[in-house]
Each structure stands twice: as C-alpha cells, then as structure tokens.
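S.K.: Same order as they appear, the protein sequences are chains A and B.
Okay, so the first sequence: first residue is 1 according to the UniProt record's numbering, each after it adds one.
Okay, so the second sequence: first residue is 1 according to the UniProt record's numbering, each after it adds one.
Ideal placement from N, C-alpha and C gives every residue a C-beta, glycine not left out.
Given the structure is predicted, the values throughout are model-derived calculations rather than measurements.
The structure under discussion is supplied below as structure tokens; questions concerning it will follow.
2 protein chains.
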Amino acid sequence: MMPIDATHEPSRKSWVESANSPDTDFPIQNLPLGIFSRDGIDRRPGVAIGAHILDLRTLDAASLLPEDLSLLLKGGDLDPLLAAGVDYIGRLRIIVGDLLDARCDPAVRAAIPQDALVPMDEAQMHLPSSVRSYTDFFVGIHHAEEAGRIFKLNPLLPRSYASMPLGYNGRASSVRISGEGVRRPLGQRLIDDRPEFGASRWLDFELELGMFVAGANALGEPVLIGEAEQRMAGFCLLNDWSARDIQFWETAPLGPFNGKGFSTTISPWIVTQQAMAPFRTALMDRIADQPHPPAYLIDADDQANGGLSIRLEAHLSTAAMREAGDEPVKIVGTDARYLYWTFAQMITHQSCGGTNLCPGDLVGSGTISGPNREMFGSMFELCNMGELPLTLPNGETRTFLEDGDEVSFSARCERAGFAPLGFGSCTGRIVSALPL
Amino acid sequence: MMPIDATHEPSRKSWVESANSPDTDFPIQNLPLGIFSRDGIDRRPGVAIGAHILDLRTLDAASLLPEDLSLLLKGGDLDPLLAAGVDYIGRLRIIVGDLLDARCDPAVRAAIPQDALVPMDEAQMHLPSSVRSYTDFFVGIHHAEEAGRIFKLNPLLPRSYASMPLGYNGRASSVRISGEGVRRPLGQRLIDDRPEFGASRWLDFELELGMFVAGANALGEPVLIGEAEQRMAGFCLLNDWSARDIQFWETAPLGPFNGKGFSTTISPWIVTQQAMAPFRTALMDRIADQPHPPAYLIDADDQANGGLSIRLEAHLSTAAMREAGDEPVKIVGTDARYLYWTFAQMITHQSCGGTNLCPGDLVGSGTISGPNREMFGSMFELCNMGELPLTLPNGETRTFLEDGDEVSFSARCERAGFAPLGFGSCTGRIVSALPL
C-alpha cells in the first residue's frame, strides 16, 4: 500500500485560505488532479486546492515543475501522466504540495504567477482522461443481494459472485463529467407484458466509485494481485444512470446495454491513491461461509488494506424544490467499505483474462449499498421496485426519477488524526426525452 | 441504398495486372481502405488493388488528390476520413478508381510515383481506425437457436430476440488486426462443478461480419432508420474469439466479459458500402410467426436491401498440418444473408437508446451460422459442445481449438453481371497460455 507520510500531516496548512476550512473537500492533504478550462476550449491540467484550481500549465510556464513532469502535462487530458504511472503522480503531488504549503519559502511563492490560481467557479471541468475503455463491476454485495430479493431469486447471488469480481464492459463514449444534463433515453420496455418503444419510465441512478487506471499491461499479460496497486491512479464518484425498464427487457442473455449506454456521470477530480493512503481499510463484507477466493486474487496486504473508507451520500432536488428555494434532500448514506472485492482484485481479474487495461481507463465498482434501506444506492432498491415511494419534505413522492430531478453524490473521508477530505460533486439533472 | 453505377462495371480493368485476376479479392470494383506500413511505424492510408497497396500518402505528395480529401489522409488511421462521412469515402473511391483504371490517361498515369504501388507482401497492416468503441451484436439467428438447442432452453430464443437486435459492449482495447497471435486466456472455469483458475480448455472462434462507423451522432441523438446507411463506412471480417468455459461460468447476470475480452481479430480492409452496392439483398430469416419489429426499426428500403450477400468461409490448419505441408481445411461455409437484423437496425437501435456512435467505432454482427452443420460459425456449434468432434484429413480431431491451430476467415461476393470481390483474410493462430 502507499505509505502514510508527511504529506498527510493534519496540521499542514496552505496559503490558499479556502483550503484550510474544515468543510473543504480539497485541503492541502488532498490535491486531486483534473482537467479544466476557462473558456470550454483550452483544456489544461489542474490541482484542486480549497475553492481554487492550481493551473499546472501556468505553473510550468514559470519553470516551477521539473522537465520530466512538465512533458507529461502538455496535453488536454491526463493520459500521459497516467501512462507514466503512480510514482510520477506521487512526485507531482509532493511538488505541488510544497508550493501550496503555508510554510513555502516566500521567494518561491512569489515565483508562482498570480493567474495560476483559478477560482473554481470561473472554471469549467472536463473529463480528466480520454476514458478509452470503461469497465463496470458489480461488487457492491448489498446491491446484488437486494436485486436478488426484489426479483425473488434463489440463491440471492449468482453462484460465481464470491468466486470472482463480476463485471461487464460499459460504454466509454457516453461517460460525461459532472454537471452535464442526462437525457431520458428512448427504448423498448414491456408495457402490459408487451414490448413498446418510448421514453424510459423507470429512470434510476446508481451510486458507485470509479477508479482511473495508471500504466498499462500488454494484451495477454496479467497484472498480478501484488502489483495491482501500481495500476491505480486514483478515484472518483460515478453515477451509472440506469433505465430499469429498458435494462430488464434487454438484459438476457448479454447483460446491460442500452439500459446503461445513454450516460455515465463522473466527478471531475482524480483523488489520488497517495491522498487516500490514510483511508485504506479491510472490506466489511467478506462472507464467512463463502469459499475463499482463488489464489490469483489473494494478497495479504490487499485483504487487510485493499478497501476504501469513504462515506458516500446521494442528494436529490426536484424542479419544484429548486423553484421554492429548498435545499437538496439526502436520500442515501453509505460507505465504500461495503464493497465485496477490492479494486486490486478487479484489475487482476480482468487482466488475468488477457484484457489490456490502458492509462486513463475507467473502472466502476458497481452500486455501493449498505445493509439498511437508507444505505441503498439506487431508487430501485430504495423504493423496492416502485412499491415503497420516497416522500420528499415538500410532499412530492418518487419511485424513479422525474424530468428535472437532479441527483448529486458527495463523499467524505474522515479518520481521527487526519485531515478530512472529499471528492467534489458528481451531479446530473434529468432532461426530458426527445419527442417521439 | 448506395447506387450501382459505372464503378461496378464488370468489364472495367486496371493497369495493375494482378487486379484483373478472376481470383483476386481486390479488383478495381472493390478498392477497400486500410492502414499499412513498410516498417511497422510509419502508418499510412492505402487502397488494396490486386496484390498491391496504393499508398495514398505518396499519391497525395504527387498532388493527385483534391485538397479536402488530402487533409483527411494525413494521420496514422482513417478516423478523419470516417468522420467526414460516406460521401467523402465514395469520392475517394471514384478518384482512386479512375487513376487505377486501364483506360487512365497515360499522362496522368505517368504522374503516379512508382513507389506509390507497394506489394502487399512487403507491407504490414494495422487497425484501420482507432476503434474507440466496439459493440458486438447477436443477430445470427441460427447461432442463437443452436445455442438454445445445446443448452436445452425453451423457448430457444430469448423473448426479446425478434423485437430488437440484442447486443453488448465488447472490449475495444483488445481488437487486433489479422495475423497477430491469440494467446489462450487464463480464467475461472468449472471443473467437476467447482470453479478453478487455469488456461481455457474450450477455446473457440466466432465467424462474424464487422462494420465501421462513419460520421457521428451526439449523445442522446438517435440515428433514424432511414439515415442509418449514411453511418456505415464499410465492412470487414471479424473473429470474436471466445473461451467458452470462462464465458459460461461468468456470464450470469452481466453477459460476456473475460470469456471474450482477450482478443478480437479483424481483417485489415474496410470494404466500402459503395463497393458492396451490388451485393445488397433482403435477409433470409425474417421469422413469419414473429411479431413485426417496432416502427423505429422498420424502413422499406432496409427490409428489401439491408442485407449483405457474402459467402463466408472458415479454414483451419493445425501445427501438424503445416508441418506436413497440408493445406488448411475448410470447416465452415455460410452466408451473411442468415443474419436476422440489418446493420442499419443495429445502428438505429443502439443510437435510439442514446448512445453516441463515433467515427471508426466497430460493430460486430454476432456469429453467422446457417441452418446446417457445415454452416455453423463456431466450434461450439460444429461439435455440439464437444459431443461431435471434427475429424481432419490427417486424422486429427478437434472439439475446440488447440495451441498452434490457425483459424482463417475469407469472404466472397458474387453476382451474375458483376465482378466478384472479397475481403482479404482474417487470421489468428492460438499461442499457448502463460505458465501459471
């Protein structure tokens, strides 16, 4: 695992005042990486610090980055840096942290161009990598069990569930950054047990964690479980929007397709593996009576520390709520510890099958539900497939998402003796379907 | 549909003599597009003509291409040309055809640099596009029925089969060009009904047709059925290698993943939609007692001409056969007319769900089997899941593929009054699994 070191020292402060607020997602202990622009066109790499973005291109123009890192930051995405690997990402985090530290030498600090610090509300965020491929797993075991319960399956879990991380290839071209609208898809769904074409009626979210791949393995070359940590650049929030009616009709025998291909939203910042070092943990849900996973998926360090302790929340606001000035309402609170498999195991399982994972590829965890209703990471679970509507504070009810509904995920990592940090927001608002 | 015009005139000959052989896949009526290099590095666009490749970069350097086409051919893949769309592809085919025509003005012909004509056996082929995304469909109905029969399903076909083209997102990063080795994958498979990790024992091929996407639709913007032909650049052969043991254990409930993620091989040439104009046809397998497909998938012209009449063959050679100097043996002969849905319907179905299809994306048809055993497009069907071994002329038997086996697909389009044409080869040889 990545070491806990001086970069995590909780007393460390930044001269960027907003980074020292106890509520910020982006203290100097975080320093996540992203791609932003001021004009929608000139995309450049940046680091989140409090309510600002440190513009790495401008920093580089002032000769404040070493040449090897500079060369990796010339493009409009982070692919070259991710290709170089986690050690380069870690070095960049240390260099940027030293520059942003309140104790930074005044002469060095004076060399940082003033316009290198961009207020977040003046910036537009873009996808941090090219996301050539997107794999979505299904390792949220409470979600899998809840689905089994709702569909009255016996056994609740697929037989292979405890034997390997189950996943499928998602649609990379429809991955979008937080804030973009999500159009309600058209498709075939069963109405009175007959297929009809129209707008989805059962539009849902799925609360997931995403992971960005660093480095690359050649086709046919496995990433062994002990090496998989070296392939994780960092993490983001991921909403695997799902049209349940379209999904259920199409899913046999090939799995999810159009029911999920219309949009996947991610939060814009890659929270690095280095920043997450204090928040590693064992996972909670190793099922005692399940067979041990096969040897290629077992690593003692990964078993002890391969999990992530991240408090996750989903908030909902409706058009009527925003009209009335009401705050979004929290509808889910769960934790990434409820995953059944680690990201290292996902990487190893997919690559052992021969697949090449490339820099900037995105890997989703699957819906992260907990054992109780308020921890369920989708409407489908929260409302027991339409049977138990959510009642919102203004009296509106929901079983699935309506046009104008906005779903926003947030995340928080907290541990005694460490500065809390967050992920920023993963938000999308439902746009009405095209007229037929 | 694309018109049949003077470019299809069967009496047309080229001054490239090998293009006039009745056996060539690449007469002047074909002119498929690809990416080649002489050194493995300097990738450039080319057109197949007989046993040669016309180097479009060299042609362009001699000012023989109009500027707007020239600008689309500067890169190491055909993405810019595919993005420009089918009309640009058609214009390029006409211009190149006029230059290669035996009746070409001698002064013009003299302007073509001698080194613009590269012998195919001196060239290495590369992926013609970046293949950002790869969708694989399941519209070979005899394959679907055969799978149902082997697994004793009732009904044989998924209920949704006749209602829409079923598909899934494949792994784009593992698409490779003909000739590259295919490493036998490692993975979990059931041995005596218990999952074990090891090399696949049931390695198989799937004989499919591929289609390259031209142009682009925005996320959420459907391609209507009447417009879908404008989104097809052309076609290739596609081998959807499948590890059946890995596939069967992992497939519920998310569909194919590692069982197909280790390699997909395609033939190197994009046989353009324009070249295929004489070989359009109605599909053979519209099931009389099935409900009509929904209106968004119906177009009269597509119903009448949306199919492709292509004779498809698979040949097998084993290490022992090659050692003895034996020719490969034909093990499958089928026809693309046995598909149940058209590529236009596949494009419309996927895009109506909201997915954006991008220039150079690859779409696979699914295995193209016919109604009889010799037409079955995979070992799994040919050998009834191991029960009916194939006996080869040298006495070897096969139920699945062994290390060293080489599978090669070929294709031929024939119609009275037209020059026959082909697709080139889609070949892969099985390389032994990594040691555990």
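(1) Along the chain, where does the alpha helix (DSSP H) containing B/M125 start, and where does it finish?
(2) Relative to the alpha-carbon of B/Q188, which residue among B/F248, B/L166, B/T135, B/S173 has its alpha-carbon at the smallest distance?
(3) Closest to A/A411 by C-alpha separation, out of A/S173, A/L312, A/D301, would be which residue?
(4) Excluding the 5 residues preceding and the 5 following A/L390 in the sequence, name in chain order all residues of the same chain whose CB lies nearer than 7 Å to its CB.
(5) Using a Cβ-Cβ distance cut-off of 8 Å, determine whether A/P195 contacts chain B.
(6) Are the stretch 178 to 187 of chain A and the stretch 418 to 428 of chain A in contact at 8 Å, needing three or more beta carbon pairs?
(7) Leaving out five residues before and five after A/L238 in sequence, what residues of the same chain have Cβ atoms less than 6 Å from its Cβ?
(8) On the DSSP letters alone, give me the boundaries of the beta strand (DSSP E) that A/H52 sits inside.
(9) When the cut-off is 8 Å and only beta carbons count, does B/E435 lie next to chain A?
(10) Any C-beta of chain A sitting closer than 8 Å to the C-beta of B/P256?
(11) What does A/C358 touch in chain B if you count any residue whose Cβ is under 8 Å from its own?
(12) What residues in its chain sit with their C-beta under 6 Å from that of B/T12, if we drop five residues either side in the sequence?
(13) With a floor of 3 residues, list each beta strand (DSSP E) that falls wholly inside the stretch 289 to 373 of chain B, ordered by position along the chain.
(14) Near A/S378, what residues of its chain come up, given a Cβ to Cβ distance below 8 Å and the 5 sequence neighbours on each side ignored?
(15) Could you spell out the range, first to last residue, of the beta strand (DSSP E) harbouring B/Y134?
(16) Is there at least one Cβ from chain B nearer than 8 Å to A/G170's Cβ?
(17) Drop a sphere of 10 angstroms on the beta-carbon of A/D23, count the other beta-carbons inside from all chains shown, and report buried for 16 or more, exposed for fewer.
(18) Give me the Cα-Cα distance between A/P278 and B/V118, rounded to the nearest whole angstrom.
(19) Exposed or buried, what is B/N258 when buried is set at 16 or more other beta-carbons lying within 10 Å of its beta-carbon?
(20) For A/F151, is the classification buried or exposed, using 16 other Cβ atoms within 10 angstroms of its Cβ as the cut-off for buried?
(21) Please confirm if the stretch 338 to 350 of chain B is in contact with the stretch 217 to 234 of chain B, defined as three or more CB-CB distances below 8 Å between the two stretches.
(22) So B/V47 and B/L31 are supposed to be a Cβ contact under 8 Å. How far apart are they, rounded?
(23) Name the residue from B/R159, B/E146, B/P80, B/G167 whose alpha carbon lies nearest to the alpha carbon of B/T348.
(24) Which residues in chain A have a C-beta closer than 9 Å to the C-beta of B/T334? List them in chain order.
(25) Is A/T272 closer than 8 Å to A/L33 when the C-beta atoms are compared?
(26) How would you label A/Q114, buried or exposed, when you count the other beta carbons within 10 angstroms and need 16 or more for buried?
(27) So for B/M211, helix, strand or coil by DSSP?
(28) For B/H8, count the other beta carbons within 10 Å of its own beta carbon; 16 or more makes it buried, fewer makes it exposed. Which is it?
(29) Looking at chain A, is there any beta carbon in it that lies within less than 8 Å of the beta carbon of B/F212?
(30) Can you tell me where the alpha helix (DSSP H) with A/M379 in it begins and where it stops?
(31) A/R171 and A/G261 - do their beta-carbons sit closer together than 8 Å?
(32) Using only CA atoms, which one of A/F138, A/L59, A/N394 lies nearest to A/A324?
(33) For A/R280, does the count of other Cβ atoms within 10 angstroms reach 16, so buried, or fall short, so exposed?
(34) Can you look up B/F248 in the DSSP assignment and give me helix, strand or coil?
(35) Given a threshold of 16 other Cβ atoms within 10 Å of its Cβ, counted over all protein chains shown, does B/P435 qualify as buried or as exposed?
(36) Out of A/L392, A/S18, A/G220, point me to the one whose CA is closest to A/L100's CA.
M.R.: According to the structure data:
(1) Per DSSP, B/M125 belongs to no alpha helix (DSSP H); it is in the beta strand (DSSP E), 124 to 126.
(2) B/F248
(3) If we check each option's Cα against that of A/A411, A/L312 comes out closest.
(4) I331, L382, C383, T397, R398
(5) yes
(6) The answer is yes - the stretch 418 to 428 of chain A touches the stretch 178 to 187 of chain A, with three or more Cβ pairs under 8 Å.
(7) E208, G210, I266, G364
(8) 52 to 55
(9) Correcting the residue identity first, residue 435 of chain B is Pro in this sequence and not Glu. With 8 Å as the cut-off, B/P435 does not count as an interface residue toward chain A.
(10) Residue-level contact check: B/P256 touches chain A, since one or more beta carbons of chain A fall below 8 Å from its beta carbon.
(11) S173
(12) Before going further, note that residue 12 of chain B is Arg rather than Thr in the sequence given. Cβ-Cβ distances below 6 Å link B/R12 to I28 in the same chain, with the five nearest sequence neighbours on each side left out; the list follows chain order.
(13) 311 to 317, 329 to 335, 362 to 364
(14) Closer than 8 Å at Cβ, skipping near neighbours: H143, D204, F205, E206, L207, S242, T367, S369.
(15) 134 to 137
(16) yes
(17) exposed
(18) 59 Å
(19) buried
(20) Classification of A/F151: exposed, given that the 10 Å Cβ count is below 16.
(21) yes
(22) 5 Å
(23) B/G167
(24) The contacting residues do not exist; B/T334 stays about 21 Å from chain A at best.
(25) yes
(26) exposed
(27) strand
(28) B/H8 comes out buried.
(29) no
(30) Counting along the chain, the alpha helix (DSSP H) containing A/M379 begins and ends at 379 to 382.
(31) yes
(32) A/N394
(33) A residue is called buried when at least 16 other Cβ atoms come within 10 angstroms of its Cβ; A/R280 meets this threshold and is buried.
(34) helix
(35) exposed
(36) A/S18
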